[in-house]
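Single-structure report; data block below.
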Amino acid sequence: MSKQEQNEYINLVQKHNGIIHKVISLYVNNPEDKKDLHQEVLLQAWKSYKNFKGQSVFSTWLYKVALNTVLTFNKNHKKNEDLEKIDQMESAPDAKDDSEILYRIIQSFGEVDRMLIMLHLDGYKNNEIAEITGMTQNNINVKIHRIKSKIIEKFKTLNNE
Amino acid sequence: MNKQEFNDVDIAQAWQKLVANKFSNSQINKHEIMNAIKMESYSSIAELKKRVKYKLFWSAGFTLTLAIILLFFLGNMDMVLLLGIGVAAYAIGFIGMYFKYQQIEENISGSTDILESMKYNAKMIKSVLSLEKIWGLIVFIPAIIMGILAGKVLDGYSLTACFQDSKILTIILGAVLIFTPLLIWSSHKMNKIAFGENLEKLESNIIKMETLQ
Chain A
8 MSKQEQNEYI
18 NLVQKHNGII
28 HKVISLYVNN
38 PEDKKDLHQE
48 VLLQAWKSYK
58 NFKGQSVFST
68 WLYKVALNTV
78 LTFNKNHKKN
88 EDLEKIDQME
98 SAPDAKDDSE
108 ILYRIIQSFG
118 EVDRMLIMLH
128 LDGYKNNEIA
138 EITGMTQNNI
148 NVKIHRIKSK
158 IIEKFKTLNN
168 E
Chain B
13 MNKQEFNDVD
23 IAQAWQKLVA
33 NKFSNSQINK
43 HEIMNAIKME
53 SYSSIAELKK
63 RVKYKLFWSA
73 GFTLTLAIIL
83 LFFLGNMDMV
93 LLLGIGVAAY
103 AIGFIGMYFK
113 YQQIEENISG
123 STDILESMKY
133 NAKMIKSVLS
143 LEKIWGLIVF
153 IPAIIMGILA
163 GKVLDGYSLT
173 ACFQDSKILT
183 IILGAVLIFT
193 PLLIWSSHKM
203 NKIAFGENLE
213 KLESNIIKME
223 TLQ
């Protein structure tokens with residue numbers, strides 16, 4: 008790829024790095040794994056950048072690459088902490104802030120649910136989520152409704168404790 | 013938490029706050045990006061491709077080695093036949109691996125949706141693992157048979173005599189019967205360690221995405 012394309016890529020990634028950071032933070036807890044996955048997303052995005060012809064918004068495209076990378080990542084590539092560890096995490100009892108509690112609750116969900124609620128809360132419409140994920144819109148409608156009910160339920164439980 | 017009921021609006025507000033506090037200020041410099049794009053990929057597909065590449069080298073190595081050994085036994089037709097079968101077996105293994113290697117698309121594409129990408133990964137993992145199993149059988153079973161027969165031929169037996177000797181045939185059959193299941197079991201075990209969890213996770217996520225489970 009040309010120098011110009013390389014600079015273009017760097018600028019776009021610098022502008023949208025929050026997306027990569029967000030996806031990884033919701034799937035991985037261990038700092039070393041986070042670093043590895045961040046590098047892997049940057050590498051995968053760079054390799055497929057030549058196919059990005061601007062047919063979609065860069066942020067949506069980067070979301071797709073980041074989620075694809077995280078969800079297909081083989082954690083056995085070296086000795087590291089399980090991605091699953093987050094699955095087993097309970098909502099942090101010491102979290103005082105709603106946003107921090109929400110973060111912990113989302114982290115406790117399964118990988119697919121995490122992806123759906125993240126896209127939904129980031130403002131993607133259900134038809135756009137269907138396009139990104141490949142799921143049917145009907146499935147997405149039902150699942151997002153269920154996930155939100157679960158979040159509300161968890162907040163309620165924490166509130167009553 | 014300061015209220016009894018939490019609703020959709022509260023979730024949206026909490027998320028906005030989370031994004032602003034936790035994700036919005038993540039900076040990355042040019043140097044870090046450049047380093048990352050020069051690194052080796054650790055994706056499962058990249059790993060699979062690497063595994064196939066190593067087997068490709070092994071197959072090529074075996075084919076060449078046996079072909080070279082064959083040149084030294086051109087005067088002995090039995091050895092030529094034995095080694096010729098070996099060369100053909102390893103060459104078939106090499107060709108199979110080569111086509112698979114060419115077929116593996118290493119990069120994660122931003123143009124395919126996530127479900128499609130997951131299905132591709134699962135399919136590739138399964139097909140490479142089953143090809144490796146077949147490769148193992150192609151490589152090791154003839155090696156066992158050839159090893160026993162070559163030993164006997166070098167001891168002065170003819171191939172015809174070997175096939176007429178029930179003791180030699182029993183040894184061959186016994187070795188094949190012992191080593192084949194052992195080989196299948198060990199390759200299955202190794203594959204499970206390397207990709208089992210990854211494959212299970214992918215398949216479970218695919219089901220979750222395709223159904224309302």
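Going line by line, the protein sequences match chains A and B. 8 is the number of the first residue of the first sequence in the working numbering; add one for each residue after it. 13 is the number of the first residue of the second sequence in the working numbering; add one for each residue after it. Glycine included, every Cβ here is placed at the ideal spot set by N, Cα and C. These figures come from a predicted structure and were not determined experimentally.
Would you report the Cα separation of E44/B and H28/A, rounded to the nearest angstrom?
14 angstroms
Find out if the Cβ-Cβ distance for the pair I49/B, G105/B is shorter than 7 angstroms.
Contact flag unset, no.
Sequence-distant residues of the same chain with beta carbon closer than 7 angstroms to W68/A, five excluded per side:
F59
From A155/B to N133/B, what does the alpha carbon distance come to, in whole angstroms?
Rounded to whole angstroms, A155/B and N133/B show a C-alpha spacing of 32 angstroms.
Hey, is L33/A's beta-carbon within less than 7 angstroms of any beta-carbon in chain B?
no
Which residues in chain A have a C-beta closer than 8 angstroms to the C-beta of K42/B? List them in chain order.
I17 and Q21
On the criterion of 16 or more Cβ atoms from any shown chain inside 10 Å, does H200/B qualify as buried, or is it exposed?
exposed
Got a sec: which bits of the stretch 70-81 of chain A sit with their beta carbon under 8 angstroms from any beta carbon on chain E, in order along the chain?
Annotation note: the requested chain E is absent from the structure, which comprises protein chains A and B.
Quick check on this structure: which residue in E39/A, E107/A and M125/A has the alpha carbon closest to the alpha carbon of K155/A?
M125/A
Closer than 7 angstroms to chain A by CB, I49/B
yes
Quick one: which chain B residues come within Cβ less than 8 angstroms of Q114/A?
Under the 8 angstroms cutoff, chain B gives no residues; its nearest Cβ is about 11 angstroms from Q114/A.
What residue range is occupied by the uninterrupted alpha helix (DSSP H) comprising F162/A?
Q144 to N167
Going by beta carbon distance, what residues of the same chain come within less than 8 angstroms of E212/B, once the five residues before and after it are set aside?
none
Between N134/A and the rest of its own chain, which residues show a CB-CB distance below 7 angstroms, the 5 nearest in sequence each way excluded?
Q144
Buried or exposed: L265/B, going by 16 or more other Cβ atoms within 10 Å of its Cβ?
Any property of residue 265/B remains undetermined from this structure, which presents chain B solely from 13 to 225.
Count the other CB atoms, across all protein chains shown, that sit within 10 Å of the CB of E98/B; report buried if there are 16 or more and exposed otherwise.
It should be pointed out that residue 98/B corresponds to Gly in this sequence rather than to Glu. Looking at its Cβ environment, which holds 16 or more other Cβ atoms inside 10 Å, G98/B is buried.
I'd like to know whether the C-beta atoms of I160/B and I184/B end up nearer to each other than 7 angstroms.
yes
By the three-class DSSP mapping on this structure, what secondary structure does D40/A have?
helix
Please confirm if the stretch 42-52 of chain A is in contact with the stretch 21-29 of chain B, defined as three or more CB-CB distances below 8 angstroms between the two stretches.
No, because fewer than three Cβ pairs between the stretch 42-52 of chain A and the stretch 21-29 of chain B fall closer than 8 angstroms, the two stretches do not touch.
Determine the chain A residues that contact I45/B at a beta-carbon separation under 7 angstroms, and present them in chain order.
I17, V20 and L49
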